[in-house]
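First comes the structure, then the notes that go with it.
Residue numbers (this note's numbering), protein chains in the order written: chain A, 1 to 238; chain B, 1 to 389.
Structure below.
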């Protein structure tokens, strides 16, 4: 098994699905959300995951996001099998390695813009001094330059601005992977295009991005398209 | 922990200000109830102790199964303490002073007013051992009457007033006594004290009704009680002895129990407050399910979610207890004033510890009530929580 070594051995694939199945037991019978999916995501890829509703896209995303674990098969993130990880270790993985970007933005209404962005960093770095200017840099990188907005509450911002705050929050711990669930689903086309341009720029800067969408126009921003149908990969351009 | 969890907890309480205030009011009332009832119970115990302990330490000896006094104006009752027994008691108790007492009740007339009063007949030499005079002088020789403070007030007796006894003889009041409060030996406040010799001449008693032994060294009380028992009660119980210490401690026990009981009643209101906090926090968990899902998904640990909710409960408890503690001073002051007519026991350490106890219980209740909601919140499935609207 590939492992990260200090001496700089071969870097493992960022994500590896090996015959991964996810079954939800329901009273009416088991629902197979993912059916023996195998897939490798390499560093620096920009993947669009498409498919009709009920095709297993969300389950796929939840598994990569360490919010869920496979029923069968192995899922390796940076070479580590998620089945071997405790709840705390999965949480640390979400905090440090993965940045989430949601359709609903999912900002914390109690916190100001800058606090929302700083939050994942606070979880990781308890010392205020050591956090430094990082939240400001993340907001600038996400294209929210107007510092007057930073002390506002999220609901005082436009949808596009909120999604930029969410992206800044996802970036603040400098994760390897951005996980986007319909990132433009709640935005008008022009604003959505701006967000996609930003994500493409992040990808060029080295971030791996996995994005779920049903919009082919949005999927076109990605460098690789994966189509899921009935829990199986029907098409993979990678 | 840094600003975040504490801040989120505080802001959430502010977001639902009205609800938080109601929860705090619940704690305030609970703490108030425990503290002020505790203060009342304590003050009660302290004031009773104060009143009783002015008597000092004394041993009261009475004939077995005979009352210490009774209406009947000196007619002979079977159980009395004879001169011989008094002599024996003096020998056993030496060097502590032994005071034989006739105690009875008499109809008297003061001017046109008629009354029945307790009357103690004492050897004038012993009077100063039991009472202090407020006006006038103590008994001298075989005439004169001392009036207790309350008796004097009620029948408007002054030094020089004339009292007519049931046999028609009259005596002048030579002194008014200082108020002494409740006692175990004699109750002089609502009584008259007359010289023993005159009493004997008038009624020819067969013996004394009680004997009081003033014990200088309180550590000797029990030994003295044992010695009296051995001397008099070998074959059958002839004399009963009561030590003021014994009675005092049993009274203190009773009042302590009353105090505990009232405090426990106060505790019920704190239980209600705890349930209200539980309710408020469970509502908060339900409403914030999605928020918890977000926090979990971006890297918040289970125990950190737990912390957040426990901070909330703790804040409710701390604020409520602090307010309750402050108000307890006021409430304790009022209750003491109304019930005991004095507030001098309010700042006694035991009263202050009632407030500390109330506050401690307040914080503990809030904390306990927060545990279950915190546990529920931290165990939410992040995926389902995220989907929650």
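Think of the CB as a built atom: it goes at the ideal place given N, C-alpha and C, for glycine as much as any other residue.
The structure presented is a predicted model; accordingly, all values stated were derived computationally and were not measured.
Does any residue of chain A bring its CB to less than 9 Å from the CB of residue 20(B)? Here the question's residue 20(B) lines up with position 20 in the second chain. Not one chain A Cβ lies under 9 Å of residue 20(B).
Own chain, CB closer than 7 Å to residue 121(A), minus 5 neighbours either side, in chain order: As a first step, residue 121(A) is located in the first chain; it is residue number 121 there, counting from the start. Only 131, 134, 135, 172, 173 meet the Cβ criterion.
Cross-chain neighbours of residue 23(A) in chain B, by beta carbon under 8 Å: In the first chain, the residue the question calls residue 23(A) occupies position 23. By Cβ distance, chain B contributes nothing, its closest Cβ being about 15 Å from residue 23(A), past 8 Å.
N- and C-terminal bounds of the alpha helix (DSSP H) containing residue 281(B): On the second chain, position 281 is the one that residue 281(B) refers to. Its alpha helix (DSSP H) spans residues 244 to 287.
Quick check: the Cα distance between residue 75(B) and residue 192(B), rounded to an integer number of angstroms? Indexing the second chain from 1 puts residue 75(B) at position 75. Indexing the second chain from 1 puts residue 192(B) at position 192. Residue placement at residue 75(B) is poorly supported in this model, since its pLDDT is 42, which falls under 50; the coordinates are not used for a value here.
Straight-line Cα distance separating residue 304(B) from residue 9(B): For the purposes of this step, residue 9(B) is taken as the residue at position 9 of the second chain. For the purposes of this step, residue 304(B) is taken as the residue at position 304 of the second chain. Their backbone Cα atoms lie some 12 Å apart in a straight line.
In chain B, what lies closer than 7 Å to residue 67(A) by C-beta? Residue 67(A) sits at position 67 when you count from the first residue of the first chain. Here the neighbours are 297, 382, 383.
Do residue 41(B) and residue 270(B) have their beta-carbon atoms positioned less than 9 Å apart in this structure? As a position in the second chain, residue 270(B) is number 270, starting the count at 1. As a position in the second chain, residue 41(B) is number 41, starting the count at 1. Their beta carbons are not under 9 Å apart, which means residue 270(B) does not touch residue 41(B) by this criterion.
Along the segment 283 to 310 of chain B, where does the CB come closer than 9 Å to a CB of chain A? Name the residues. 290, 291, 293, 294, 295, 296, 297, 298, 299, 300, 301, 302, 303, 304
Where residue 235(B) sits in the DSSP three-state scheme: Walking along the second chain from the start, residue 235(B) turns up at place 235. Note: residue 235(B) maps to coil in three-state DSSP.
Using the Cα positions of residue 2(A) and residue 94(A), report the straight-line distance between them to the nearest angstrom. One-based indexing of the first chain puts residue 2(A) at position 2. One-based indexing of the first chain puts residue 94(A) at position 94. With a pLDDT of 45 at residue 2(A), under the threshold of 50, the predicted position of this residue should be treated as unreliable, though the coordinate-derived value follows. So the alpha carbons of these two residues sit roughly 21 Å apart.
Rounded to the nearest angstrom, what separates residue 327(B) and residue 277(B) at their Cα positions? Numbered from its first residue, the second chain carries residue 327(B) at position 327. Numbered from its first residue, the second chain carries residue 277(B) at position 277. Answer to the nearest angstrom: the Cα atoms are 20 Å apart.
Apply the 10 Å Cβ neighbour rule to residue 202(A) and answer buried if 16 or more other Cβ atoms are within range, or exposed otherwise. On the first chain, position 202 is the one that residue 202(A) refers to. The residue is buried, with at least 16 neighbouring Cβ atoms inside 10 Å.
What alpha helix (DSSP H) runs, 4 residues minimum, are completely inside the segment 119 to 167 of chain B? 124 to 130, 149 to 154
Identify the residues that DSSP records as bridge partners of residue 24(A): which are they? Taking the first residue of the first chain as 1, we reach residue 24(A) at position 24. Assignment of beta-bridge partners to residue 24(A) by DSSP yields 31(A).
Give the range of the beta strand (DSSP E) segment to which residue 172(B) is assigned. By 1-based counting over the second chain, the position of residue 172(B) is 172. Segment 170 to 177, the beta strand (DSSP E) holding residue 172(B).
Residue 75(B) by DSSP, collapsed to three states: which one? Taking the first residue of the second chain as 1, we reach residue 75(B) at position 75. For residue 75(B), the predicted structure reports a pLDDT of 42, less than 50, and the residue's modelled location is therefore unreliable. The matter cannot be settled from this model.
Using alpha carbons as the reference points, say which of 68(A), 148(A), 113(A) lies closest to residue 382(B). The sequence position of residue 382(B) within the second chain is 382, counting from 1. Nearest C-alpha to residue 382(B): 68(A).
Continuous alpha helix (DSSP H) stretch holding residue 119(A): start and end: As a working note, residue 119(A) is residue 119 in the first chain. Segment 113 to 124, the alpha helix (DSSP H) holding residue 119(A).
Candidates 112(A), 77(A), 164(A), 192(A): which alpha carbon is nearest residue 16(A)'s? In the first chain, the residue the question calls residue 16(A) occupies position 16. The residue with the shortest Cα to Cα distance from residue 16(A) is 77(A).
By DSSP, does residue 136(A) sit in helix, in strand, or in coil? What you label residue 136(A) is simply residue 136 of the first chain in a count that begins at 1. Three-state DSSP puts residue 136(A) in a helix.
Would you say residue 56(A) and residue 178(A) are within 9 Å of each other, going by their C-beta atoms? Indexing the first chain from 1 puts residue 56(A) at position 56. Indexing the first chain from 1 puts residue 178(A) at position 178. The answer is no: Cβ separation not under 9 Å.
Verify the contact flag: residue 262(B), CB atom, against every heavy atom of the ligand SAM, threshold strictly below 8 Å. Here there are no bound small molecules, and the ligand SAM is not part of this structure.
Using 8 Å as the threshold, is the segment 189 to 204 of chain B in touch with the segment 224 to 238 of chain B, meaning 3 or more CB pairs across them? no
Euclidean distance between Cα positions of residue 91(B) and residue 99(B): Translated into positions along the second chain, residue 91(B) becomes position 91. Translated into positions along the second chain, residue 99(B) becomes position 99. Roughly 13 Å between the two C-alpha positions.
Below 8 Å, how does it come out for the segment 218 to 235 of chain A and the segment 42 to 55 of chain A: are there three or more Cβ pairs, yes or no? yes
Under a CB-based cut-off of 9 Å, is residue 55(A) close to chain B? Residue mapping note: residue 55(A) aligns to position 55 of the first chain, counting from 1. With 9 Å as the cut-off, residue 55(A) does not count as an interface residue toward chain B.
Nearest-angstrom Cα separation, counted from residue 29(A) out to residue 210(A): For the purposes of this step, residue 210(A) is taken as residue 210 along the first chain, with counting starting at 1. For the purposes of this step, residue 29(A) is taken as residue 29 along the first chain, with counting starting at 1. If I take the Cα positions, the gap works out to 31 Å.
Shortest alpha-carbon distance to residue 37(A) belongs to which of 106(A), 160(A), 23(A)? Within the first chain, numbered from 1, the residue matching residue 37(A) stands at position 37. It is 23(A) whose Cα lies nearest to the Cα of residue 37(A).
Is the Cβ of residue 136(A) closer than 9 Å to any Cβ of chain B? Counting from 1 along the first chain, the entry for residue 136(A) is found at position 136. By this cut-off, residue 136(A) is not an interface position.
Roughly how many whole angstroms lie between the Cα atoms of residue 12(A) and residue 111(A)? Here the question's residue 12(A) lines up with position 12 in the first chain. Here the question's residue 111(A) lines up with position 111 in the first chain. Roughly 37 Å separates the two Cα atoms.
Taking 9 Å as the CB-CB cut-off, is residue 201(A) touching chain B? As a working note, residue 201(A) is residue 201 in the first chain. Not one chain B Cβ lies under 9 Å of residue 201(A).
Assumed close pair residue 101(A), residue 33(A) - CB separation to whole angstroms, cut-off 8 Å: Counted from its first residue, the first chain places residue 101(A) at position 101. Counted from its first residue, the first chain places residue 33(A) at position 33. Not a contact, Cβ separation roughly 22 Å.
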